[in-house]
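Just so you know, we're using our numbering here: the sequence shown kicks off at 43 and counts up by one.
Glycine included, every Cβ here is placed at the ideal spot set by N, Cα and C.
Source: prediction; values computed, not measured.
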Amino acid sequence: DAETNGHVPEDERGESVDVGEGAGTEATGTDPDDAEPTGVRVEYLNYEVLADRGWDLGDDDLFEKAGAADLDPRDYGKFLAHPNETLLEAAEERGFAWPFACRGGACANCAVAVVEGELGMPANHILPSSMTDSGIRLSCVSAPVTEELKVIYNVKHLPSLDELRLPPQQFGRARADD
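Below is the structure:
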């Protein structure tokens, strides 16, 4: 389901695996906190947690609070992204199911807020400059360009993105009609 945002770890046979502490590090073979990581260190936080905890997107200490809050690994954690891998691909390769719909930069379902670092976004067909200027990027077409990145994913429900989302079933229907 394209609209899920949970963590669905599976082994190569498709069977569920225990994620425990350190979820998201198994697929890379490298702990994101190692001194010399191979790739981009991504720290992520689920936007839905902000409302649950009474936090605000503009809080300076958002990731410090998240780190101290003992959140579920699907809501907060770290992983390594490989060079030239989009953020959405990196998350999925590590067992996460972040929201998306089109995978081509034509909607805002996969939008993330970049808090620290930079995501290069070669194509943008939908986001107004006011959104990109405030750090909103499309994870399906954006790749990390800095050594460290802090992002809030699942920001598709920000009021300014409401009209830019697509229903997830739209692409399923198109394939079913073929």
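Return helix, strand or coil for residue i, following the three-state DSSP convention.
i      : result
GLY119 : strand
VAL157 : strand
GLY162 : strand
ALA69  : In this prediction, ALA69 scores a pLDDT of 39, lower than 50, which makes its location untrustworthy; the coordinate-derived value is nonetheless stated afterwards. Note: ALA69 maps to coil in three-state DSSP.
ALA221 : The first residue shown for the chain is 43 and the last is 220, placing residue 221 beyond what the model contains.
PHE105 : helix
LEU200 : coil
GLY64  : Below a pLDDT of 50, predicted positions are generally treated as unreliable, and GLY64, at 40, falls in that range; the measurement from the model is reported next regardless. If DSSP states are grouped into helix, strand and coil, GLY64 belongs with coil.
LEU206 : helix
ARG179 : strand
ASP94  : helix
LEU130 : helix
ALA111 : coil
In terms of alpha-carbon separation, which member of the options lies closest to residue i?
i      : options                        : result
ASP117 : ARG95, GLU131, ASN166          : ARG95
ALA143 : ASP101, ALA132, SER172, SER181 : SER181
HIS124 : ASN196, LYS198, THR188         : THR188
ASP114 : GLU90, SER176, VAL82           : GLU90
LEU206 : VAL156, ASN166, ALA150, ARG179 : ALA150
GLU127 : ASN196, ALA185, SER202         : ALA185
ASN166 : ARG179, VAL193, LEU130         : ARG179
PRO164 : VAL183, VAL156, THR174, GLU190 : VAL183
ASP98  : ALA155, LYS120, GLU131         : ALA155
TYR195 : ASP175, PRO141, ARG145, GLY146 : PRO141
ARG145 : GLY162, LEU92, LEU130          : LEU130
Compute the minimum distance between the beta carbon of residue i and the heavy atoms of the ligand NAD, and state whether it is under 7 Å.
i      : result
HIS199 : The ligand NAD is not part of this structure, which contains no ligands at all.
With residue i as the anchor, note down where its beta strand (DSSP E) starts and where it stops.
i     : result
GLU85 : 82-88
Give the range of the alpha helix (DSSP H) segment to which residue i is assigned.
i      : result
LEU191 : Run containing LEU191: none in the alpha helix (DSSP H); it sits in the beta strand (DSSP E), 190-195.
Please report the distance separating the alpha-carbon of residue i from that of residue j.
i      : j      : result
ALA110 : PHE138 : 21 Å
ASN88  : ALA108 : 10 Å
VAL84  : ALA148 : 24 Å
ALA158 : ASP102 : Correcting the residue identity first, residue 158 is Glu in this sequence and not Ala. If you take the alpha carbons of GLU158 and ASP102, they lie about 11 Å apart.
GLU160 : ALA133 : 16 Å
SER171 : GLY177 : 10 Å
PRO201 : LYS192 : 21 Å
GLU106 : LEU203 : 26 Å
GLY81  : ALA153 : 22 Å
ILE168 : ASP112 : 35 Å
GLY119 : GLU190 : 13 Å
Taking Cβ positions only, does residue i come closer than 8 Å to chain C?
i      : result
THR128 : Of the chains in the structure shown, none is chain C; there is only one protein chain.
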